[in-house]
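These notes concern the structure reproduced below.
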Amino acid sequence: MTTDRALRRSALALIGLTAMLGSGPSTVLAQAQVGVPGCTDDAPVRAMRESITFDSRGRTIRAHLYTPRGEANGEGLVLLHGGTGFEMNSILFDAHAIQLASRGYRVILPAYFDAADPDARRRTAVARAWRQAALDAAEALSAEPGMARDRVALWGYSRGAAVGADAATAEGSGVRSAILVAGGGAVEGSVAGRDLSVLLLHARRDEAVPVRSTLRLAEALREAGATVEVRELAFDGHQYDLPTWCEAFRTTRAFLENRREAGDGPA
């Protein structure tokens, strides 16, 4: 990443609606359209979304940045999309990201494919580019007001989970927490002494990433020196339905809150 860590902002979109503005039909419609995924524990929406870019190894990476409009809690989360890409997954995760920001988190959703096009002939080089983009997104988020490098966690789904595992265990990574959903794969190196805590979430059955792959990843992370928790979601399949996504993000928040209450910080 360049020495200038300032994010380049454009197309500011204020998400200033709250769930308590009123009880008329217009309020219900606004809630359905903006920032409320439909979970039973949705919070009043008090966040803003910006379209931004940042640099990673000379490449321009697009991203969405979500910022609390109320009090921020000093914690950040990097959301790493799955294999269908930034455009598709930004639609999937947008309302959940706004909900996180409404609860005080700063969230960045980077288009890490911008760092290198998927290429089966250059898997190692592409994986390194994606890993660096994830780390640079975390670094960019840590430069936001009231943030610090060790208070940013990584969150990844499917292919993004593999990228998150790679980034969290990379040499020199300052990440201390990661939440990996429907992910598998292996890790390199050791994180012994770095206090890395990882939450792995998987469905009961998954046709794209078998549960055994997630369990192998858990074992590899433990062998590398990380503290690992594995949780099963009550769903069969890889493309989760809304209640399952609600549970995944509810469990994510609980994991980060428990880290904070234990005095370890979120990341």
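Residue numbers (numbering that gives the first Met the number 0): 0 to 266.
Glycine included, every Cβ here is placed at the ideal spot set by N, Cα and C.
Just so we're clear, the structure is a prediction, and the values are computed from it rather than from any experiment.
query                                                                                                                      : result
Among S212, R120, E143 and S172, nearest to A160 - alpha-carbon criterion                                                  : S212
Nearest to R61 (by Cα), restricted to the options A202, E231, S176 and F112                                                : F112
Cβ shell of Y104 (< 6 Å), same chain only, five flanking positions each side left out                                      : E74 and L76
Beta-carbon gap between I97 and Y65 smaller than 7 Å                                                                       : yes
Cβ shell of A169 (< 8 Å), same chain only, five flanking positions each side left out                                      : R130, L134 and G188
Of the residues V44, A191 and V190, the one placed nearest E70, counting alpha carbons only                                : V44
Neighbourhood of F254 by C-beta, 7 Å cutoff - its chain only, sequence neighbours within 5 removed                         : I178 and L198
Rounded straight-line distance, which links the Cα of V186 to that of D165                                                 : 6 Å
Residue burial classification, R249 (beta-carbon count within 10 angstroms, cutoff 16)                                     : exposed
Distance between beta carbons of L140 and M146, contact taken as under 8 Å                                                 : 6 Å
Chain-order list of residues whose beta-carbon lies under 7 Å from that of E218 (same chain, five-residue window excluded) : none
Beta-carbon gap between S172 and S196 smaller than 7 Å                                                                     : no
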